[in-house]
Ligand code: AMP
Ligand code: MG
């Protein structure tokens, strides 16, 4: 692991934007999926890719948001218990969410939606729900009860999803990762060799920087929004972070955050304060859920599961990913596969360890 001075953090923050007027660079900043998104692409195909990504992200939000009454997810949630014809995007994402949920022993579960709502995280009117409310809602949380019928043979995908009666889904823990999969596909389809895509806490870097050096992606210090615990030097990679600090409220002197443990209905309390999952670009022939969706689902899941189970899943080698974990007791754990690409912040008080 290399060491850096905080000075370098400023350089990461200036990884930023100018308009489409400049030759060979095209950038866009827009608000979607409840967060600010920034896309910068360089060279041939940049303008087409950037505009394609912003339209695609807006299209996905219109399909996948459960707070938009006219979205496909809202229609599906309203029809719980019935068999509903679904788009290829929604069907594939639900199927991927089920797979990642199984891999994470249920710690990631899109049917946690009614519990997330009970905490007020969809409306911003936060509250601690009564235990009786959680006891009523928790039996609805089981995404393996969602029936997904995917027609792999049809080009005009004939897909259906049936939620269990009373169930509803929330794709907030995976949709931005899928959007970054779609961005990766569009950059490749337009022949772009260098780009960065920031979708809230979800980063995808395409190729290297225009000067041929790796992109520098800061991992935020969960305790200080103006500081990084370290910098990842990456090319063709996703780096997706989940942290309780990203959305939370205080009540009665306690802080409650938005990542819910499906086992308890309460905000996860696993000893981790942030989880960053890093994985290589997909290079798939179709814009299907890939490593972006995986990193997003796993960052949420591993935040719930905690250090020991996160490391066990990494050790299993079933999925191709690396981790940067920040623990409540002030440690930063970096898995061996990425340690040489992680520069720690010399000035921080964290203790850094490599997991091998
Ligand atoms: P992320 O920021 O990717 O960690 O996702 C957090 C969001 O996913 C929350 O705002 C909820 O909408 C949703 N969510 C919360 N807890 C879970 C969970 N255990 N599994 C799946 N989605 C969740
Ligand atoms: Mg996530």
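Residue numbers (this note's numbering): 519 to 874. Here a beta-carbon is modelled for each residue, glycine too, at the ideal position from N, C-alpha and C. Note that this is a predicted model, so its numbers are computed, not measured.
Task: Residues near residue 534 in its chain [Cβ-Cβ closer than 7 Å; skip 5 each side] - done: For residue 534, the predicted model reports a pLDDT of 38, less than 50, meaning its position is unreliable and no value from the coordinates is stated.
TODO: Note the first and the last residue of the continuous beta strand (DSSP E) segment covering residue 780.
DONE: Residue 780 -> no beta strand (DSSP E), and no H or E assigned at all.
TODO: Ignore the nearest five residues each way along the sequence and tell me which others in residue 805's own chain have a CB closer than 6 Å to its CB.
DONE: 700 and 703
- [ ] Could you pull out every residue in the same chain whose Cβ sits closer than 6 Å to the Cβ of residue 652, ignoring the five residues on either side in sequence?
- [x] 783
- [ ] Apply the 10 Å Cβ neighbour rule to residue 818 and answer buried if 16 or more other Cβ atoms are within range, or exposed otherwise.
- [x] buried
Task: Exposure label - residue 677; buried when at least 16 CB within 10 Å - done: buried
Open item on the list: Can you confirm whether the region 784–791 touches the region 749–765 when touching is taken to mean that 3 or more C-beta pairs between the two stretches lie within less than 8 Å?
Closed with: yes
TODO: Quick one: using the 10 Å Cβ neighbour count with 16 as the cut-off for buried, is residue 632 buried or exposed?
DONE: buried
- [ ] Just confirm the distance between the C-beta atoms of residue 599 and residue 681, as a whole number of angstroms; I'd bet it's less than 8 Å.
- [x] 7 Å
TODO: Tell me whether residue 627 is buried or exposed, calling it buried when 16 or more other Cβ atoms sit within 10 Å of its Cβ.
DONE: buried
- [ ] Check whether the region 704–718 touches the region 590–608, taking contact to mean three or more Cβ pairs, one atom from each stretch, closer than 8 Å.
- [x] no
Open item on the list: At the level of alpha carbons, what is the spacing between residue 541 and residue 596?
Closed with: Confidence at residue 541 is low in this model, with a pLDDT of 41, below 50, so its placement is unreliable and the value that follows should be read with caution. Rounded to the nearest angstrom, the two C-alpha atoms are 48 Å apart.
Open item on the list: Just to confirm before moving on: does the CB-CB distance between residue 589 and residue 578 stay below 7 Å?
Closed with: no
Task: Buried versus exposed, by CB contacts within 10 Å (16 or more), residue 845 - done: buried
- [ ] Say yes only if the C-beta of residue 778 is nearer than 6 Å to one or more non-hydrogen atoms of the ligand AMP, and no if none qualify.
- [x] yes
Task: residue 541 - DSSP class collapsed to helix/strand/coil - done: In this prediction, residue 541 scores a pLDDT of 41, lower than 50, which makes its location untrustworthy; no coordinate-derived value is stated.
Task: the ligand MG heavy atom lying under 6 Å from the CB of residue 760 - done: yes
Open item on the list: Tell me the DSSP secondary structure of residue 862 in three-state form.
Closed with: strand
TODO: Could you spell out the range, first to last residue, of the beta strand (DSSP E) harbouring residue 629?
DONE: That residue, residue 629, is in no beta strand (DSSP E); it is neither H nor E in DSSP.
Open item on the list: Within a Cβ cutoff of 8 Å, which residues of the same chain sit near residue 869, ignoring the five residues on either side of it in sequence?
Closed with: 848, 849 and 850
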